[in-house]
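Okay, structure coming up:
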């Protein structure tokens, strides 16, 4: 299975999922699946959130709170779940506010192992 | 009831909760309740996370993803849940990794209304 297949497998099982990306911390997408036109600039969003994640990674190191694993940002319109894959890459799921949040977190955790095998 | 009582009411009902803060975006704690000695510098952590939250607030505005509501950072040791109260203040709950995550989110949402009434 390709990375794209795995990303697709992530979003088809999550109600409300709009897009999934494997991204590098510099904001470059390694692969992506965008489900439908959401009316948001998801590309811009994932690039900007890569910067956010770099900042949090630094903070977590400063406060000695272990290794960063997951960051979730909820706004009035969207939920963005980012899951660290390794030192270079992370997985992003963008979903509608009323999507299935619990399932999204579960699927990301599950698929992150699969993606790491495919990337390794 | 005081702010401290409400903060205390938040953490006593959440298994694994270590501390709760009402904080300003500049990193100054308005009030706080620390449950027990966790071995982490929770004060430093909450100050550093205020900076993180300011960064995310800017990003959310740039990408036009609505209003920031909640940010959750999970590391290998801790879960930090931050919930926006208004333009100046936010609520932070720091909990152990194996704490009751669902209950924590629910309690923060619930208590944020109570805190806003007390602050208003």
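Chains as they are written, first to last, in full-length UniProt numbering: chain A, 1 to 120; chain B, 1 to 120. Positions of the beta carbon are idealized from the N, C-alpha and C atoms, including for glycine.
Item to check | For residue 107/A, the first and last residue of its enclosing alpha helix (DSSP H) | outcome: 101 to 119
Next on the checklist: For a contact defined as C-beta to C-beta under 9 Å, what are the partners of residue 77/A on chain B?
Outcome noted: 64, 65, 66, 67
Item to check | Proximity winner among 52/A, 115/A, 112/A, relative to residue 26/A (alpha-carbon distances) | outcome: 52/A
Checklist entry - Say the cut is 8 Å; is the CB of residue 38/B nearer than that to a heavy atom of the ligand COA? => result For the ligand COA, the structure offers nothing, since it holds no ligand at all.
Checklist entry - At a Cβ cut of 8 Å, what residues of the stretch 38 to 62 of chain A count as close to chain D, listed as they run along the chain? => result Chain labels in this structure do not include chain D; the protein chains are A and B.
Checklist entry - CB residue 99/A to CB residue 32/A, shorter than 9 Å? => result no
Next on the checklist: Is the separation between the beta-carbon of residue 72/B and that of residue 109/B shorter than 9 Å?
Outcome noted: no
Checklist entry - Rounded to a whole number of angstroms, what is the C-alpha to C-alpha distance between residue 121/B and residue 44/B? => result Outside the shown range of chain B, which is 1 to 120, sits residue 121/B, and nothing can be said about it.
Item to check | residue 107/A and residue 13/A closer than 9 Å at C-beta | outcome: yes
Next on the checklist: Given this structure, state the Cα-to-Cα distance separating residue 89/A from residue 24/A, to the nearest angstrom.
Outcome noted: 4 Å
Next on the checklist: Please classify residue 79/A as buried or exposed, where buried requires at least 16 neighbouring CB atoms within 10 angstroms.
Outcome noted: buried
Item to check | Integer-rounded CB distance, given that residue 85/B should sit under 8 Å from residue 112/B | outcome: 6 Å
Next on the checklist: Am I right that residue 65/A and residue 2/B are in contact with their C-beta atoms under 8 Å? What's the rounded C-beta distance?
Outcome noted: Rounded, the Cβ-Cβ distance is 29 Å, inconsistent with contact.
Item to check | residue 83/A beta carbon less than 9 Å from that of residue 69/A | outcome: yes
Checklist entry - What does residue 70/B reach in chain A if we use C-beta pairs closer than 8 Å? => result 72, 73, 74
Item to check | DSSP bridge partner residues for residue 74/B (one or two, in chain order) | outcome: 70/A, 79/B
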